[in-house]
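Each residue of the sequence shown is one higher than the one before, starting from 81 at the first, in my numbering. Backbone N, C-alpha and C define an ideal beta-carbon position, used for all residues, glycine too. I have placed the structure first, in the form of structure tokens, so that the comments after it can refer back to it.
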Amino acid sequence: MNLRNKNFVSRFARNKNLAFGENLVSRFARNWKYQFQQYGAALVAAAVLFAILSVYLFFRRGYYDLYIANKVFAGVAAVLLGIVLLIGPLSRFFSFPDRYVQYRKELGIAAFFLALTHGIVSLFFLPSKFPLSGSLGTLNWPFVFGLAATIVLVVIFFISNDRAMAAIGRERWWQWQYWGVRLAFILILLHVFIMKWGGWVKWYKVGGGRELVHPEWPGAGLLVGWFLSFVLLVRLAEFGGPRFGRAVWYISVVALPAIYIVTFWWGRQFIK
Ligand code: HEM
């Protein structure tokens, strides 16, 4: 590189707050590699959850179609948002989750796309299962909460970038993100619990429908519902201070798998 070019690069680098000797190309490459790693990790997490829930529902029902995939979109989105909300308090209680804090944005974005897909599929692609008139005709609270959660997630998604942060101002931007994720989570809890509660109680009483290959297995929504309750509990426990929060975490992290085991054990009485 001749002296003129070198001067230009170092001046440009200084202007852009780059390390001395680092040019735009290497910065771009580094940034691209970083983004790839970040989104790659979120995609892997989403894909693993997607595969687990899909295989589970396929064996529970004996078939797999868009109706089932739609439950998986919804379930994975809800679990990913739950994980995003768990990372915060856990990194305050313990040091091991610190390295996962950096993935919250990408996990949230993966959850957003899955939730959006679920909303669109529910509204427009499964008319025989969920006719649009059923959502819009009378006041349908689960629909209202699902739609409200989707709108909040859309807003958070569109402001999840540096340009939006500069436009809104760092402080306010942070508040919007902070309250937005919490509000979306509460709306999702209402969407799922109001819609599914009756079915869950019925499953514990009489098991799943006779059309299922394994009516003795709980529905994926019930498993997701328990996980969402666990996230809510851990989040609420934080208000009691770090010691209380940690104690609730230890108890509930054992209680959640115990609940799953008892639920499967309970279902054995419904074997066809
Ligand atoms: C316009 C927005 C939305 C609409 C129209 C909608 C509609 C539906 C419908 C029709 C179901 C029943 C599915 C079934 O029983 O097979 C459902 C369940 C569910 N939805 Fe939504 N939803 C919306 C937004 C959301 C959002 C943002 C989330 C967040 C992740 C979400 C999470 C869930 C979950 C976890 C279930 C339970 C799935 C299961 O039973 O396995 N939904 N939703």
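Check: Alpha carbon to alpha carbon, what distance is there between G249 and Q255?; Outcome: 10 Å
Check: At which residues does the alpha helix (DSSP H) containing E318 begin and terminate?; Outcome: No alpha helix (DSSP H) contains E318, which DSSP labels as neither H nor E.
Check: Within its chain, find whatever has a CB closer than 6 Å to the CB of V89; leave out the 5 residues flanking it on each side and keep chain order.; Outcome: The predicted position of V89 is uncertain, since its pLDDT is 41 and thus under 50; a value taken from the coordinates is nonetheless stated next. Excluding positions up to five away in sequence, the list reads N103.
Check: Between G214, T343 and A154, which lies nearest to V286 when the distance is taken from Cα to Cα?; Outcome: T343
Check: Relative to the ligand HEM, is the shortest distance from any of its heavy atoms to the C-beta of H271 smaller than 7 Å?; Outcome: yes
Check: Rounded C-beta distance between L203 and S215? I'm assuming under 8 Å.; Outcome: 7 Å
Check: Since F225 contacts L267 with CB under 8 Å, what's their CB separation in whole angstroms?; Outcome: 5 Å
Check: Just to confirm my understanding: we take W221, look at its own chain, exclude 5 residues before and 5 after, and list those with CB closer than 7 Å. What are they?; Outcome: I274
Check: Assuming P169 contacts R315 under a Cβ cut-off of 8 Å, what Cβ separation, rounded to an integer in Å, is found between them?; Outcome: 6 Å
Check: Could you check what DSSP says for T343 in three-state terms: helix, strand or coil?; Outcome: helix
Check: Rounded to the nearest angstrom, what separates K185 and R141 at their Cα positions?; Outcome: 34 Å
Check: Leaving out five residues before and five after I236 in sequence, what residues of the same chain have Cβ atoms less than 8 Å from its Cβ?; Outcome: G188, F192, W256, Q257, G260, V261 and A264
Check: Go ahead and label G325 buried or exposed: buried means 16 or more other beta carbons lie within 10 angstroms of its beta carbon, across all protein chains shown.; Outcome: buried
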